[in-house]
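Add 1 to a position in the sequence shown, counting from 1, and you land on the number used in this note's numbering. In what follows, a structure is listed as structure tokens, so that the remarks can point back to it.
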Amino acid sequence: MSIVNKHQGEEANLALIYDKYKERFTTLQKEKGWMTEELYKYQGFWHQSKNVVSVETVMATQDTFQALPTDIYLATLPKSGTTWLKALVFATVNRNMYKNKPLSAHPLKTSNPHNCLPFVECEVLRTSPTYPDAYSPRLFATHMPYTSLPQSIIDSHCRIIYMCRNPKDVLVSLFHFANKLRGKFGDVMTFKEAFEMFAKGVIPNGPYWDHVKGYYKISIEQPTRIMFFTYEDMKTDTTNTLRCLAKFLGYPFTEEEEAKGTVEEIAKLCCFENLSEVNKHGTLSIGIPNYAFFREGKVGDWRKHLTIEMSQTLDQITNEKFHGLDLVLTD
Ligand code: PAP
């Protein structure tokens, strides 16, 4: 069965959900947004509105979503490598489904990873759920902070993997992404403006540091339930990081697969060059062009954007916020 879905009617359902929840969030503290007009502070974190991943879809998800113990969740802050992680996990967990087919038949050769593995926040917009009954494991991504996850995800003890990226590259990536999508409600942002908002913690699903810290702490307390790793780990050693990830998720690579080079094949299928080539054209159902999710795909691109002072300011905030944690982010 193909789990690569196209969903109809999302926009109409989003309008209904907005109407249902607007009284709860329009009175919350708000700030100017990056890709949407406004950001609202809900449960200590900034959320977009009128978007598929938004304060209203988070509220609706908290109210209605039912997790299963076999579910797998990929948690990230926007621009931390979500699209790449979706591709890697989709290809790893479903590898037997496609192993006897030509590579050209693999969904990642024709579809954006966002169409292969949905955000859990979007389930409330579906007229029918992404996964049929008894489908297992259901793979979902989320940008929600740990403390805002629906209680059923916490109670189900399902596995969660968290990919973190160094804050400076997240800032640069978000800056470029936002400017590609702005236009409807504002002029392009200057990098100085973006830096100031980021440093204040005002980014979608941020503050950056609180989001990272929330998942990191739980991964230390409950290492069999939450695996924490970085974009930089994945970039430096994709195959070994993928091996650890597959093992954690309960899909370890067998000796036969190792001998056949399956790990390397998946890493190659999901590498920046391949995914960006497949996603040169077309748009997601929500209208974002596929190419917008692929820019440089590098570690340390921030060096071309941040002044020494900006870099020092972010280092200082990171040191303060992560004080006492054994968490060192390479940049
Ligand atoms: P999202 O949260 O909106 O889905 P996300 O996928 O997390 O975005 O972030 C996009 C970043 O991941 C881009 O980084 P950049 O702006 O610094 O270049 C994008 O290039 C990078 N990216 C996407 N696919 C890959 C990949 N296969 N390998 C490495 N980096 C990737």
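Just so it is clear, CB atoms sit at the ideal spot from N, CA and C, and this is done for glycine as well. Just so you know, these numbers come straight off a predicted model, no measurement behind them.
| Asked | Found |
| --- | --- |
| Under 8 Å between C-beta atoms of Leu250 and Ala92 | no |
| Among Phe176, Glu197 and Phe196, nearest to Val189 - alpha-carbon criterion | Phe176 |
| Counterpart residues of Cys159 in DSSP-defined beta bridges | The partner list for Cys159 (beta bridge, DSSP) is empty, contrary to what the question assumes. |
| Environment of Gln67 [buried if 16+ CB atoms lie within 10 Å] | exposed |
| Paired residues, beta bridge with Cys165 - DSSP | Thr231 |
| Residues that DSSP places opposite Glu39 in a beta bridge | Lys33 |
| Any alpha helix (DSSP H) of 4 or more consecutive residues that is wholly inside the region 65-122 | 83-94, 96-99 and 114-117 |
| Rounded separation between Phe294 and Phe178 - CA only | 8 Å |
| beta-carbon Ser286 near the ligand PAP non-hydrogen atom, thresh 7 Å | no |
| Cβ-Cβ distance between Pro205 and Gln49 below 8 Å | yes |
| The region 74-89 in contact with the region 155-175 per 3-pair CB rule at 8 Å | yes |
| Ordered list of beta strand (DSSP E) runs contained in the region 201-259, each at least 3 residues | 227-231 |
| Alpha-carbon to alpha-carbon, Cys117 and Tyr132 | 11 Å |
| Where Phe196 falls: helix, strand or coil (DSSP) | helix |
| Neighbour-count burial assignment, Glu321, 16 or more Cβ in a 10 Å radius | exposed |
| Beta-carbon proximity list for Pro130, same chain, < 7 Å, skipping 5 on both sides | Glu124 |
| Per-residue burial, Val329 [other beta carbons within 10 Å of its own, 16 or more giving buried] | exposed |
| Validate contact between the region 281-299 and the region 141-160 using beta carbons, cut 8 Å, 3 pairs | no |
| Residue range of the alpha helix (DSSP H) that includes Ala142 | Ala142 -> not in any alpha helix (DSSP H); beta strand (DSSP E) instead, spanning Leu140 to Thr143. |
| Asp327 beta carbon near the ligand PAP (any heavy atom closer than 7 Å) | no |
| His177: CB within 7 Å of a non-hydrogen atom of the ligand PAP | yes |
| Three-state secondary structure assigned by DSSP to Thr148 | helix |
| Extent of the continuous beta strand (DSSP E) to which Phe273 belongs | Counting along the chain, Phe273 falls outside any beta strand (DSSP E), though it belongs to the alpha helix (DSSP H) covering Phe273 to Val279. |
| Integer-rounded CB distance, given that Leu40 should sit under 8 Å from Val203 | 6 Å |
| Inter-residue CB distance, Leu104 and Leu15 (contact presumed, cutoff 8 Å) | 36 Å between Cβ atoms; not a contact. |
| Backbone secondary structure at Gln44 - three-state DSSP | coil |
| Heavy atom of the ligand GDP within 7 Å of Arg296 beta-carbon | You won't find the ligand GDP in this model; what it holds is the ligand PAP. |
| For Arg296, the nearest candidate out of Asp211, Ile221, Asp170 and Phe230 (CA to CA) | Asp170 |
| Those residues which DSSP pairs with Pro290 across a bridge | Thr284 |
| Cβ separation of Gly207 and Phe46, assumed to be a contact under 8 Å, to the nearest whole Å | 7 Å |
| Start-to-end residues for the alpha helix (DSSP H) that takes in Phe26 | Glu11 to Phe26 |
| Contact test: Cys159 Cβ vs the ligand PAP heavy atom, cutoff 7 Å | no |
| Glu122 classed as buried or exposed, judged by whether at least 16 other C-beta atoms fall within 10 angstroms | buried |
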